[in-house]
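A short write-up of the structure that comes next.
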Amino acid sequence: MVRLSHERVLLIGDPQREIHAALSQGVPGVQVVSVPTFFDGIAELVAGNYTTVLAAAEPLERRPEAAVRTLRELTANGRVILFGHPTLELLSRKMLQFGCDDYIVTPASAGELQQLFRSPPLRLSEPQVEGEPAKPPSTGEPLPALSDVPVAEILLDALLLNPHNAPAEAVRQINGRLGASLEFCYQPKGKGEASAPREGWSLLSHPVRSGNEEMGTLYLSVPQDEDERAARHTLAQLAHLVGKIAGLQDRHNRLQKLAITDELTGLYNARYFHHFLSRIIEKARVMRFPVTLALFDIDDFKKYNDHFGHGVGNEILCQTATLMRRCTREHDLVARIGGDEFAVVFWDKEGPRQPRDPKAGVPSRRPPEPLQIFERFKRLIASEDFSGLGSTGKGTLGISAALAVYPWSAQDAAGLFKAADEGLMFNAKQGSKNSIFLVGGQDAPPLDSRQ
50 MVRLSHERVL LIGDPQREIH AALSQGVPGV QVVSVPTFFD GIAELVAGNY
100 TTVLAAAEPL ERRPEAAVRT LRELTANGRV ILFGHPTLEL LSRKMLQFGC
150 DDYIVTPASA GELQQLFRSP PLRLSEPQVE GEPAKPPSTG EPLPALSDVP
200 VAEILLDALL LNPHNAPAEA VRQINGRLGA SLEFCYQPKG KGEASAPREG
250 WSLLSHPVRS GNEEMGTLYL SVPQDEDERA ARHTLAQLAH LVGKIAGLQD
300 RHNRLQKLAI TDELTGLYNA RYFHHFLSRI IEKARVMRFP VTLALFDIDD
350 FKKYNDHFGH GVGNEILCQT ATLMRRCTRE HDLVARIGGD EFAVVFWDKE
400 GPRQPRDPKA GVPSRRPPEP LQIFERFKRL IASEDFSGLG STGKGTLGIS
450 AALAVYPWSA QDAAGLFKAA DEGLMFNAKQ GSKNSIFLVG GQDAPPLDSR
500 Q
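Whatever position you read off the sequence shown (first residue = 1), add 49 for my numbering.
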């Protein structure tokens with residue numbers, strides 16, 4: 050921690066006290082006087098003796114050169130530092146030529162302010178005297194400016210081409226435009242950190258925020274001989290823009306989830322179920338693996354609704370959905386497709402099993418796992434305590450289900466759904482209920498004998 054009790058800081062234009070809070074945390078013991086406007090700051094500078102002036106850049110936009118010169122003159126040998134939104138970064142950088150010592154891109158962390166007060170003033174040029182040409186910057190060549198990159202076009206392309214991972218796509222495209230002199234990397238929150246930089250390079254980081262929510266971290270790898278302060282400003286500016294599309298991506302994902310999710314149970318809805326079933330069967334057709342579709346409903350569900358009310362009926366549906374998800378694998382799809390009717394799609398994520406006859410190209414018998422999963426599900430339903438049903442709740446409920454398997458039961462999604470639906474209506478429910486019916490039985494012929 051930096052403790053600078055001799056530092057007296059005049060803070061101009063920080064209504065939300067964000068800079069003040071970060072300063073107090075990063076530089077304990079610093080004496081801070083806050084004033085709301087530039088003119089209040091002028092009066093305070095005349096009356097007091099301050100080692101540092103931190104001034105908001107936005108109010109200075111109209112006459113920035115004159116404002117910075119005034120602050121510079123009244124601060125004498127102290128430091129003048131601007132702070133503001135990344136969109137004001139170019140203005141702040143320009144003000145380095147007119148007496149500003151440094152600038153901060155907001156939001157600023159306590160660590161950034163701590164580093165700032167640790168370092169000596171890094172004014173890029175001496176104050177310019179009117180009529181004389183500006184002196185060149187003293188810190189070497191700047192990093193490639195983001196203003197030379199069509200950022201808006203890249204952001205729009207990223208959202209259109211890869212809406213589920215737009216920030217990473219945007220960063221990939223920006224890296225392609227900037228060349229090999231520096232490299233950005235975006236890591237969403239909770240997804241780990243960037244890999245260590247290569248030898249001779251430094252790794253910088255900046256949080257990516259959307260509003261008050263932290264979405265992830267943006268990293269920048271730069272050669273160690275580059276101007277690190279300029280690199281940090283470039284990183285902060287891009288992090289702000291990436292935060293914008295991260296927020297849009299998050300909103301897109303939330304809306305999409307609402308569109309494909311059943312509001313009551315949290316399972317997928319019928320619309321997404323039919324879309325997924327078609328897609329997974331097309332994949333199975335190419336990769337030659339089986340897909341099992343199970344349809345099931347709760348036996349005599351209407352009587353529970355009529356006797357106990359729809360509130361209890363909804364609780365039963367939610368508990369049933371939870372139990373089914375507990376039985377299935379993570380990649381299997383569970384959906385509520387209407388009322389008390391549910392669907393489960395089982396598929397082999399690891400790829401096709403080895404066929405008994407290599408010429409057949411598919412397994413010659415159905416995989417037993419889905420049938421075993423439903424037997425387990427039946428046992429869970431029977432042992433579950435459905436509190437809404439009172440003392441008679443445990444062991445009361447039963448389910449009827451039918452399973453149909455691609456490619457034995459049908460050759461496409463519509464045919465598979467029809468086979469399972471008919472098996473449920475005319476076999477599972479027409480018997481003693483609380484039963485599971487496998488379309489075709491265990492001895493259905495393999496695909497090659499049906500062609």
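From the three backbone atoms N, C-alpha and C, an ideal C-beta is built for every residue, glycine too.
Option nearest V220 by Cα separation, candidates L290, P246 and S158: When each option's Cα is compared against that of V220, the closest is L290.
Looking only at C-alpha atoms, which of V383, Y268 and N483 sits nearest to G241? Shortest Cα-Cα distance from G241 to any of V383, Y268 and N483 involves Y268.
What residue range does the beta strand (DSSP E) around Y152 cover? Here the beta strand (DSSP E) through Y152 covers D151 to V154.
Going by the CB atoms, is the gap between F338 and D381 shorter than 7 Å? Against a cut-off of 7 Å, the Cβ pair of F338 and D381 comes out as no contact.
Grab the span of the beta strand (DSSP E) containing M474 for me, first residue to last. Segment: none, M474 is in no beta strand (DSSP E) and carries neither H nor E.
Excluding five sequence neighbours on each side, which residues of the same chain lie with their C-beta closer than 8 Å to the C-beta of G9? Since the first and last residues shown for the chain are 50 and 500, residue 9 lies out of range.
Per DSSP, the bridge partner or partners of F423: DSSP output for F423 lists no bridge partner at all.
Where E379 falls, given that 16 or more other Cβ within 10 Å makes a residue buried: Using a 10 angstroms sphere on the CB of E379, the tally of other CB atoms stays under 16, which defines it as exposed.
So what does H44 bridge to, in DSSP terms? Residue numbering for the chain in the displayed model covers 50 to 500; residue 44 lies beyond these limits and cannot be assessed.
Please confirm whether A280 and I386 have their CB atoms less than 7 Å apart. Not in contact: A280 and I386 (Cβ atoms no closer than 7 Å).
8 Å contact criterion, which L342 and A453 should meet: CB distance rounded: The Cβ separation is near 5 Å, so the contact holds.
Between the stretch 96-111 and the stretch 128-148, do at least 3 Cβ pairs fall closer than 8 Å? Using a C-beta cut-off of 8 Å, the stretch 96-111 makes contact with the stretch 128-148, since at least three inter-stretch Cβ pairs fall below that distance.
N- and C-terminal bounds of the alpha helix (DSSP H) containing Y99: Counting along the chain, Y99 sits inside no alpha helix (DSSP H), nor does DSSP assign it H or E at all.
If the criterion is Cβ atoms closer than 7 Å, does the pair A285 and V154 meet it? Result yes, Cβ atoms of A285 and V154 sit closer than 7 Å.
Nearest-angstrom Cα separation, counted from V79 out to L72: About 8 Å.
Look at D355 and N483 and say whether their C-beta atoms are less than 7 Å apart. Taking 7 Å as the Cβ cut-off, D355 and N483 do not qualify as a contacting pair.
Look at the Cβ atom of A207, then the Cβ atom of A215, and state whether they are nearer than 7 Å. Closer than 7 Å, so yes.
Compute the beta-carbon to beta-carbon distance between G322 and A370, rounded to the nearest angstrom, for a pair I have assumed lies under 8 Å. Just to set this straight, residue 322 is Phe in the shown sequence, not Gly. For a cut-off of 8 Å, the C-beta gap from F322 to A370 is around 13 Å, too long to register as a contact.
Using alpha carbons as the reference points, say which of P419, C367 and P113 lies closest to I430. Ranked by Cα distance from I430, the first of P419, C367 and P113 is C367.
Assigned secondary structure, D492 (DSSP; H/G/I helix, E/B strand, else coil): Residue placement at D492 is poorly supported in this model, since its pLDDT is 43, which falls under 50; the coordinates still yield a value, given next. Three-state DSSP puts D492 in coil, outside helix and strand.
Whole angstroms are fine: how far does the CA of R247 sit from the CA of H255? Taking the straight line joining both Cα atoms gives about 19 Å.
Applying the criterion that 16 or more other CB atoms from any shown protein chain within 10 Å of the CB defines a buried residue, is L139 buried or exposed? L139 should be labelled exposed.
Using CA coordinates, which residue listed in G90, P272 and Q298 is at the minimum distance from L209? Of the candidates G90, P272 and Q298, the one whose C-alpha sits nearest the C-alpha of L209 is Q298.
If we ignore side chains and look at the alpha-carbon of each, how far apart do V271 and L307 end up? When rounded, the distance between both Cα atoms is 41 Å.
Host beta strand (DSSP E) of Q236 (start-end): Here the beta strand (DSSP E) through Q236 covers E232 to P237.
Taking its Cβ as the centre, do 16 or more other Cβ atoms sit within 10 Å of R118, making it buried, or is it exposed? Buried, because 16 or more other Cβ atoms sit within 10 Å of the Cβ of R118.
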